[in-house]
Amino acid sequence: MLRHLLALLLLWSGGYAYASDLTMLIGENPPFNSFRESRPEGLAVQIVDVMLQRSGLSVRYAEYPWSRAQKLAQTEPGHCVYTLSRLPERENAYEWIGPIAVNPWAFFALRERRIKLKGLDDARQYTIAGQRNDGKAIWLESQGFVLDYAAKESQGLKKVASGRLDLFPGGLYSLPELAVQAEVDPARFEPLLVFHRIEYYVACNKNTDPGKLRRLRAALAGMKVDQSFERITQRAVASFRNPLQQR
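Throughout the sequence shown, residue numbering follows the UniProt record's numbering, covering 1 to 247 in sequence.
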């Protein structure tokens with residue numbers, strides 16, 4: 001689709017350009033954040049929306065390829081990207097606001113393959129899909145894994161579905177929707193091992209106005225104090241499809 005090839009800039013109010021306080025760059029990470037019919041949606045979007053409302057900051061949303069979005073947030077003041085996993089390799093590249101969500105990472109395989117994993121080392125004998133600059137890929141590389149890279153996660157999932165690769169490392173809650181995007185049946189896959197539990201953040205350019213960052217952090221802290229953060233999260237997670245409960 002065209003929106004996956006070109007940056008799509010839009011406002012919550014409906015697509016007219018204006019001088020915004022921040023530009024939020026959103027990747028495809030359902031059910032936490034994604035674009036549907038040119039509108040951002042997902043658990044993380046709900047959290048960030050309330051943060052922005054409470055902080056009084058205006059925002060412009062943009063969709064770019066994931067690597068490009070991360071690069072823009074590193075180089076352009078006032079630009080933030082989410083959801084981004086906070087890893088040692090990324091620590092000094094951004095100003096971090098969060099955590100705003102949690103997603104267990106798991107290895108998935110075709111049910112028909114009957115692959116069994118008792119621990120992380122058991123996965124080393126198999127071929128594994130990956131997306132460059134993705135948090136899961138960075139973490140697995142840090143553990144000594146060699147991955148077969150694709151431009152998009154959905155392409156890696158298709159390789160596993162076709163039998164070209166053995167394992168797909170994916171977010172436990174993200175796999176069902178990702179499979180739909182890849183046009184493969186999510187019921188064909190089973191989670192084998194949760195190998196890491198990651199927290200997601202909003203990651204902003206380090207030269208962003210410190211006052212704006214303080215307002216965002218204060219808004220998030222207030223949400224956690226009055227439990228609106230917990231209520232939004234619990235309501236969203238209750239609607240997620242958890243493959244571990246469908247085995």
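In this text, a Cβ means the ideal position worked out from N, Cα and C, and glycines have one as well.
field: Alpha-carbon to alpha-carbon, G170 and D121
entry: 17 angstroms
query: Could you give the distance in angstroms between the alpha-carbon of R86 and the alpha-carbon of E199?
result: 7 angstroms
field: Assigned secondary structure, S13 (DSSP; H/G/I helix, E/B strand, else coil)
entry: At S13, the pLDDT of 38 sits below 50, so the modelled position is not reliable and the matter cannot be decided from this model.
query: Below 9 angstroms between beta carbons: does that hold for T23 and Y61?
result: yes
query: How about V202 and V48: do their beta carbons lie closer than 9 angstroms?
result: yes
query: In chain order, what residues of the same chain lie with their CB nearer than 7 angstroms to the CB of K152, ignoring the 5 residues before and after it?
result: Q131
- prompt: How about Q74: is its C-beta nearer than 9 angstroms to some C-beta of chain B?
  reply: The chain labelled as chain B is not found in the depicted structure, where only one protein chain is given.
field: Host alpha helix (DSSP H) of G156 (start-end)
entry: E153 to A161
message: My parser needs the beta strand (DSSP E) runs of 3 or more residues fully inside the stretch 66-118; what are they?
response: Within the stretch 66-118, the complete beta strand (DSSP E) segments of 3 residues or longer fall at 79-85 and 95-110, listed in chain order.
query: Helix, strand or coil: how does DSSP classify Q53 here?
result: Helix at Q53.
- prompt: Going by the beta-carbon positions, is the gap between A109 and E177 smaller than 9 angstroms?
  reply: no
task: Tell me whether V237 sits in a helix, a strand or coil according to DSSP, three-state version.
output: When DSSP states are grouped into helix, strand and coil, V237 belongs to the helix group.
- request: To the nearest angstrom, report how far apart L157 and A182 are at their CA atoms.
  value: 7 angstroms
- prompt: Going along the chain, which residues of its own chain have a beta-carbon closer than 7 angstroms to the beta-carbon of A69, five neighbours each way excluded?
  reply: L25, G27 and V81
- request: Within the same chain, show all residues whose beta-carbon is closer than 7 angstroms to that of L117, passing over the 5 residues directly before and after it, in chain order.
  value: In chain order, F107, A123, L192 and L193 place their CB closer than 7 angstroms to the CB of L117, counting only its own chain and leaving out the 5 sequence neighbours on each side.
query: DSSP state of L25, grouped into three classes?
result: strand
Reference K206, options S34, A44 and E91, closest by Cα: E91
query: Run through DSSP, which three-state label would E190 get?
result: In the three-state reduction of the DSSP assignment, E190 falls in the strand class, which pools E and B.
query: Apart from the five residues just before and just after residue 326, which ones in its own chain have a Cβ nearer than 6 angstroms to its Cβ?
result: Since the displayed the chain opens at 1 and closes at 247, residue 326 lies outside it and no answer follows.
- request: Spatial neighbours of L2 within its chain, please: CB distance less than 6 angstroms, with the 5 preceding and 5 following residues excluded, ordered by chain position.
  value: The predicted model places L2 with a pLDDT of 36, which falls under 50 and marks its position as unreliable; any figure quoted below should be read in that light. None.
query: Could you check where the alpha helix (DSSP H) with V225 kicks off and where it finishes?
result: P210 to V225
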